[in-house]
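Below: one structure, written as structure tokens.
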Amino acid sequence: GITRHYKFNIKMQNVTRLCQTKSIVTVNGQFPGPRIIAREGDRVVIKVVNHVSHNVTLHWHGVRQLRSGWADGPAYVTQCPIQTGQSYVYNFTIIGQRGTLFWHAHISWLRATLYGPIVILPKKNVPYPFSKPYKEVPIVFGEWWNADTEAVINQATQTGLAPNLSDAYTINGLTGPLYNCSSKDTFKLKVKPGKTYLLRLINAALNDELFFSIANHTLTVVEADAIYVKPFKTDTVLITPGQTTNVLVNTKHHHFPTANFLMAARPYATITAIDNSTTAGILEYEQPLTSKNKIKKLLLFKPTLPIINDTTFTANFAKKHRSLATTQFPVKVPQKVDKKFFFTVGLGLSPCSKNQQCQGPNNTRLAAAINNVSFVQPTTALLQAHFFNQSQGVYTTDFPTNPPSLFNYTGTPPTNIMVTSGTKVVALPFNTTVEVVMQDTSILGAESHPLHLHGFNFFVVGLGFGNFDPKKDPSKFNLVDPMERNTVGVPSGGWVAIRFLADNPGVWFMHCHLEVHTSWGLKMAWVVMDGKLPRQKLPPPPSDLPKC
Ligand code: C2O
Numbered sequence: 004g005i006t007r008h009y010k011f012n013i014k015m016q017n018v019t020r021l022c023q024t025k026s027i028v029t030v031n032g033q034f035p036g037p038r039i040i041a042r043e044g045d046r047v048v049i050k051v052v053n054h055v056s057h058n059v060t061l062h063w064h065g066v067r068q069l070r071s072g073w074a075d076g077p078a079y080v081t082q083c084p085i086q087t088g089q090s091y092v093y094n095f096t097i098i099g100q101r102g103t104l105f106w107h108a109h110i111s112w113l114r115a116t117l118y119g120p121i122v123i124l125p126k127k128n129v130p131y132p133f134s135k136p137y138k139e140v141p142i143v144f145g146e147w148w149n150a151d152t153e154a155v156i157n158q159a160t161q162t163g164l165a166p167n168l169s170d171a172y173t174i175n176g177l178t179g180p181l182y183n184c185s186s187k188d189t190f191k192l193k194v195k196p197g198k199t200y201l202l203r204l205i206n207a208a209l210n211d212e213l214f215f216s217i218a219n220h221t222l223t224v225v226e227a228d229a230i231y232v233k234p235f236k237t238d239t240v241l242i243t244p245g246q247t248t249n250v251l252v253n254t255k256h257h258h259f260p261t262a263n264f265l266m267a268a269r270p271y272a273t274i275t276a277i278d279n280s281t282t283a284g285i286l287e288y289e290q291p292l293t294s295k296n297k298i299k300k301l302l303l304f305k306p307t308l309p310i311i312n313d314t315t316f317t318a319n320f321a322k323k324h325r326s327l328a329t330t331q332f333p334v335k336v337p338q339k340v341d342k343k344f345f346f347t348v349g350l351g352l353s354p355c356s357k358n359q360q361c362q363g364p365n366n367t368r369l370a371a372a373i374n375n376v377s378f379v380q381p382t383t384a385l386l387q388a389h390f391f392n393q394s395q396g397v398y399t400t401d402f403p404t405n406p407p408s409l410f411n412y413t414g415t416p417p418t419n420i421m422v423t424s425g426t427k428v429v430a431l432p433f434n435t436t437v438e439v440v441m442q443d444t445s446i447l448g449a450e451s452h453p454l455h456l457h458g459f460n461f462f463v464v465g466l467g468f469g470n471f472d473p474k475k476d477p478s479k480f481n482l483v484d485p486m487e488r489n490t491v492g493v494p495s496g497g498w499v500a501i502r503f504l505a506d507n508p509g510v511w512f513m514h515c516h517l518e519v520h521t522s523w524g525l526k527m528a529w530v531v532m533d534g535k536l537p538r539q540k541l542p543p544p545p546s547d548l549p550k551c
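Mature numbering (1 follows the signal peptide of the UniProt record, and there is no 0) puts the sequence shown at residues 4 to 551.
Now the structure itself:
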């Protein structure tokens, strides 16, 4: 591989959407941010210089960061933030991955405007396992607030209530024709007839899983989270925050000189507090020159998206994902498990501390937790504390393997929905094989949680509804061709089982990729110890690692 250098200047930029102008945090003044392109095996070096008044970190979502944990980016987990006027060089090699990923800020809610695609091409002269597309196009979904997004989360943190909903969704930063005062901000994809396009879909929205569809065009899913899948056809894709999906689209063979096709995205949700609006772009066929001036008004075909709470669709869609499982792309799912975890994930309430003015019931604030532990962000980085043997006073290694009491949801929420707080982690010896069953608690309403693991891909070996049954369900696990990914939706009112091999020494964040749930504490970390051999150890930090 080669080394690719990028310079990311974090700076403010005025942007107008929905007829309102605000100053947002950007990379190099671009919104969405610049695209990173590399080949499998390349080294990527990104110098980030912070010219704004916010503290910043960037995360390369889904990049495995094998023995390069110092470049992972979550604030106070692998690094202290880059302060105003300072810089940090992220330096990592892309090993064994090809496809679409993305980068985003990993501190507070700054990722609302700080995000961009990562395109990883196969090694030189290595073809895709599908026919070569005529063109490749990133399609990045985002979420837009008219207010300053930092103010939105600060207000929520102070009141202990939910933050304000976003004002729009975006496609490549553009809100699209279905919002007021927005049609000029529409993403247009101009296509030629009879060709295959590869769309690299990325959900960079903060709080919403999205359905995506293009009117009158079938999508063929070929890759997800930078892993090839057995191709399957669908009219609609579900994509959770943190997930990426590559789809092939065949354009029609004949011109459609009188029609355009809307591509649209809107949320999947089983709770009501959601911005249920639709962002749209336009798939536009190039017109033959002769007809250009004759057509006055084009027909516009609109896609039909599933209803907002279509959990049947989402579960079936998830189950369609299978790894290729070929000799070239084998599935390395652990067949035996060293350590098993059962994690309940969901919302709860937490007592209000003295200096807070919480407006939740009985002086509480909304919280979210894994096994009833709401994770408290430390004031120094966990990875430094771990590496220099200074964990005392920073974190404890007693993160519970199971919830405090046997989980058995019968339809009535348990009376104790209070969570406890702490900076707790799980410590794993090098090369431990891990199984985690994640169960939606449904305590304050059944809700899907897109769980994201840093530093690894995991295998989705099982998924079901209701309570996980440790006696019956494991016998049905798929250990042959399960999907390998970095973000999986824990089904609303159900469970998902994942397996991974802890072969990457460092500290690895795991959290719900709904930013509001992360803010409320639905997060934890795995500390993977060094192995014995030199190539099984985390190297020391780079000299410019920011200090807290
Ligand atoms: Cu996409 Cu912890 O992040």
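Backbone N, C-alpha and C fix where the C-beta goes; we use that ideal spot for every residue, glycine too.
### Query
In whole angstroms, what is the alpha-carbon distance linking residue 117 and residue 474?
45 angstroms
### Task
Taking residue 235 as the reference, give the member of 244, 223, 229 with the closest Cα.
223
### Message
Alpha carbons only, please: which of 195, 460, 500 is nearest the one belonging to residue 229?
### Response
460
### Query
Hey, which residues come within less than 6 angstroms of ligand 1, measuring from Cβ to any heavy atom, in chain order?
62, 64, 77, 107, 109, 245, 455, 457, 512, 514, 516
### Query
Where residue 385 and residue 485 are concerned, what is the direct C-alpha to C-alpha distance, given to the nearest angstrom?
If you take the alpha carbons of residue 385 and residue 485, they lie about 32 angstroms apart.
### Task
Excluding the 5 residues preceding and the 5 following residue 79 in the sequence, name in chain order all residues of the same chain whose CB lies nearer than 6 angstroms to its CB.
380, 381, 384
### Task
Determine the extent of the alpha helix (DSSP H) in which residue 159 is found, giving its start and end residues.
Where residue 159 is concerned, the enclosing alpha helix (DSSP H) stretches over 152-162.
### Query
Residue range of the beta strand (DSSP E) that residue 387 falls in?
Element bounds for residue 387: not the beta strand (DSSP E) but the alpha helix (DSSP H), 385-390.
#### Entry: Residue environment, residue 289, which counts as buried when at least 16 other CB atoms sit within 10 Å
Classification of residue 289: exposed, given that the 10 Å Cβ count is below 16.
#### Entry: Contact set for residue 547: own chain, Cβ-Cβ below 8 angstroms, skip 5 residues either direction
90, 91, 92
### Query
Once you ignore the five residues that flank residue 492 on each side, which residues in its own chain have a CB closer than 6 angstroms to its CB?
243, 451, 453
### Task
Please say whether residue 186 and residue 306 have beta carbons closer to each other than 7 angstroms?
no
### Task
Just mark residue 376 as buried or exposed, buried being the case when its beta carbon has 16 or more other beta carbons within 10 Å.
buried
### Query
Whole-angstrom Cβ separation of residue 240 and residue 204, contact assumed at under 8 angstroms?
6 angstroms
#### Entry: Residues near residue 539 in its chain [Cβ-Cβ closer than 7 angstroms; skip 5 each side]
433, 508, 533
### Message
What would DSSP say about residue 109, mapped onto helix, strand or coil?
### Response
coil
### Message
For residue 350 and residue 446, which I take to be in contact (beta-carbon distance under 8 angstroms), what is that distance rounded to the nearest angstrom?
### Response
Right, the Cβ-Cβ distance comes to about 6 angstroms (below 8 angstroms), so this counts as a contact.
### Message
Please report the straight-line C-alpha distance between residue 303 and residue 437, rounded to a whole angstrom.
### Response
50 angstroms
### Query
Quick one, are the C-beta atoms of residue 147 and residue 189 less than 7 angstroms apart?
no
### Query
Under the rule that 16 or more other beta-carbon atoms within 10 Å means buried, what is residue 361, buried or exposed?
buried
### Message
If you measure between the beta carbons of residue 36 and residue 102, is that distance less than 7 angstroms?
### Response
no
### Message
Would residue 83 and residue 545 qualify as a contact pair, given that the criterion is a beta-carbon distance under 7 angstroms?
### Response
Taking C-beta atoms as the reference points, residue 83 and residue 545 fail to come closer than 7 angstroms.
### Query
Can you give the Cα-Cα distance for residue 555 and residue 514, rounded to whole angstroms?
Outside the modelled stretch of the chain, which goes from 4 to 551, sits residue 555, for which no answer is possible.
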